[in-house]
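Just so you know, the sequences run in chain order A and B.
Be aware that the first sequence starts at 309, since it is given in the working numbering, and climbs by one per residue.
Be aware that the second sequence starts at 309, since it is given in the working numbering, and climbs by one per residue.
For every residue, glycine included, the Cβ atom is placed at its ideal position computed from N, Cα and C.
The block underneath contains the structure these notes are about, expressed in structure tokens.
There are 2 protein chains.
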Amino acid sequence: MTGVSNHSTPANDSTNWVAHASATLAQRRTRKSSARTAIVASLATQDCCASAQEIHTRLRNNGSSIGIASVYRTLELLHHCGLVTRVDTGDGSARFEPANPDGEHHHHLICNACGNVEAFHDDALEAAIHAVSNRVVFRITAHEVALRGACQNCR
Amino acid sequence: MTGVSNHSTPANDSTNWVAHASATLAQRRTRKSSARTAIVASLATQDCCASAQEIHTRLRNNGSSIGIASVYRTLELLHHCGLVTRVDTGDGSARFEPANPDGEHHHHLICNACGNVEAFHDDALEAAIHAVSNRVVFRITAHEVALRGACQNCR
DNA sequence: TTGTTTGCAAACCTTTTGCACGTTA
DNA sequence: TAACGTGCAAAAGGTTTGCAAACAA
Numbered sequence: 309m310t311g312v313s314n315h316s317t318p319a320n321d322s323t324n325w326v327a328h329a330s331a332t333l334a335q336r337r338t339r340k341s342s343a344r345t346a347i348v349a350s351l352a353t354q355d356c357c358a359s360a361q362e363i364h365t366r367l368r369n370n371g372s373s374i375g376i377a378s379v380y381r382t383l384e385l386l387h388h389c390g391l392v393t394r395v396d397t398g399d400g401s402a403r404f405e406p407a408n409p410d411g412e413h414h415h416h417l418i419c420n421a422c423g424n425v426e427a428f429h430d431d432a433l434e435a436a437i438h439a440v441s442n443r444v445v446f447r448i449t450a451h452e453v454a455l456r457g458a459c460q461n462c463r
Numbered sequence: 309m310t311g312v313s314n315h316s317t318p319a320n321d322s323t324n325w326v327a328h329a330s331a332t333l334a335q336r337r338t339r340k341s342s343a344r345t346a347i348v349a350s351l352a353t354q355d356c357c358a359s360a361q362e363i364h365t366r367l368r369n370n371g372s373s374i375g376i377a378s379v380y381r382t383l384e385l386l387h388h389c390g391l392v393t394r395v396d397t398g399d400g401s402a403r404f405e406p407a408n409p410d411g412e413h414h415h416h417l418i419c420n421a422c423g424n425v426e427a428f429h430d431d432a433l434e435a436a437i438h439a440v441s442n443r444v445v446f447r448i449t450a451h452e453v454a455l456r457g458a459c460q461n462c463r
């Protein structure tokens, strides 16, 4: 993770997230299926966001015969359950990453030259967003910040 | 404009922006064409961001015979010249709005229920983003903030 | 068994591209 | 006139949907 501060380790987060996702899906009336299990496991391995197509390719490369439609349907389900965050990087496709149960999250640095995406976190920024959220007429439930420019290789 | 603070009036901004856009395009080797003139004029009437399809429809409704391809090509040109900001609201299409020459800009409140988009501005948020931008390894040239939730009608 | 979930293929929608024609300088 | 810009139509992605077969409870 690039940026101002780090939080807990990815490995620990991933393990917790898989368990949290399983529990949340179990609470719903959803059935246990190999496709969903595989997608949840695959999401947990990500450092940052990935597109549906990338997740699909990753699973097929690992021997799965999952269809792209199931990837989209499962991502929609996970997003609806608050288990996944949807990120728009402006490359014409949506990207997805696991959402931490405790609300801990990061934002994104996007390279306009090569499309590289990295994560960052900043407490002051979160505080400013929180303050704005309390002041506007909308009832805010989520937020996204994207910083665009040139990455270390492209600058 | 919804939110914490207002800045200069839309009418004044629009007029300035059309002049600024014309001047900027003239500096490039671009030719004056009716399609580009119409698109610039149409963009200037927007309160907030609009999709290419919406801009196209608006122009056709006003009697123009412009093609959708010209709308996309012109928006790309304007974006490349820094005259237009591209906004991703997550509805599957990019949205566009005039970019002020002085860097003055706003961010967006997006209603998850009805898709309504409104603008807001907050100085503390800008300051926080500026501070982060100076600290990360990327060289940041632009930023976007999206606050999601329920609008006044849907909350 | 019964309703859910799946993979495939087709459909859909946004955006891009090829091309012949019109327009600008 | 020579290059640039346009509208149209076709192509190219990404995403969604219809459906019969596979699967979980």
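The beta carbon of B/N442 lies closer than 7 angstroms to none in the same chain, with the five residues before and after it left out. Annotation: B/S350 to B/P409 spans about 18 angstroms, alpha carbon to alpha carbon. Separation of B/A407 and B/H328 (C-alpha to C-alpha, rounded to the nearest whole angstrom) is 10 angstroms.
Listed along chain B are F446, each with a C-beta nearer than 9 angstroms to that of A/C419.
Beyond the five residues adjoining it in sequence on each side, B/L386 comes within less than 6 angstroms, by CB distance, of V392 in the same chain, given in chain order. When CB distances to chain B are screened at a threshold of 7 angstroms, the residues of the segment 428-452 of chain A falling below it are F428, D430, A432, L433, A436, I437, A439, V440, S441, R443, V444, V445, F446, R447, I448, T449, A450, H451 and E452, in chain order. In the displayed model, A/I374 falls within coil according to three-state DSSP, outside both helix and strand. Taking every protein chain shown into account, the CB of B/A331 has fewer than 16 other CB atoms within 10 angstroms, so this residue is exposed. Contact annotation: the segment 418-429 of chain B does not touch the segment 428-437 of chain A, with fewer than three C-beta pairs closer than 8 angstroms. Under the 8 angstroms Cβ criterion, the segment 397-404 of chain A counts as touching the segment 358-367 of chain A, having at least three qualifying pairs. For B/T353, the three-state secondary structure derived from DSSP is coil. Residue range A360 to N369 is occupied by the alpha helix (DSSP H) that includes B/T365. Cβ contact annotation for B/N461 (same chain, cutoff 6 angstroms, sequence separation greater than five): none. Beta bridge pairing from DSSP links A/V395 with A/R403. In the DSSP assignment, B/A427 falls within the unbroken beta strand (DSSP E) covering V425 to F428.
Beta-bridge pairing by DSSP links B/R447 to A/A458.
Contact check for A/R456 and B/T449: beta-carbon distance about 6 angstroms, within the 8 angstroms limit, so the pair qualifies. Listed as beta-bridge partners of A/L417 by DSSP are A/E426 and A/L455. Within chain A, the C-beta atoms nearer than 7 angstroms to that of B/D396 come from D396 and G398, in chain order. B/L417 is positioned such that its CB atom lies no closer than 7 angstroms to that of B/F404. When B/I374, B/S322 and B/C419 are compared, the shortest CA-CA separation from A/R447 is found for B/C419. In summary, no residue of the segment 350-363 of chain A has a CB separated from any CB of chain B by less than 7 angstroms.
In this structure, the alpha-carbon of B/H429 lies about 14 angstroms from that of A/V453. In this structure A/H388 is exposed. Its beta-carbon is surrounded by fewer than 16 other beta-carbon atoms within 10 angstroms. Proximity of chain B to A/A458 at the Cβ level (cut-off 7 angstroms) is accounted for by F446 and R447, in chain order. Residue environment for B/R339: exposed (fewer than 16 other C-beta atoms within 10 angstroms of its C-beta). Under the three-state reduction of DSSP output, A/E384 falls in the helix class. A/R463 has a beta carbon lying within less than 7 angstroms of a beta carbon in chain B. The beta carbon of A/S372 is closer than 6 angstroms to those of A346 in its chain, skipping five residues each way along the sequence. Counting the other CB atoms within 10 Å of its CB gives B/R344 a total of 16 or more, which places it among the buried residues. Cβ-Cβ distances below 8 angstroms link B/I376 to A360, Q361 and H364 in the same chain, with the five nearest sequence neighbours on each side left out; the list follows chain order. For A/E412, no alpha helix (DSSP H) segment is defined, and its DSSP state is neither H nor E. Taking a Cβ-Cβ threshold of 7 angstroms, the residues of chain B close to A/A454 are H451 and E452, in chain order.
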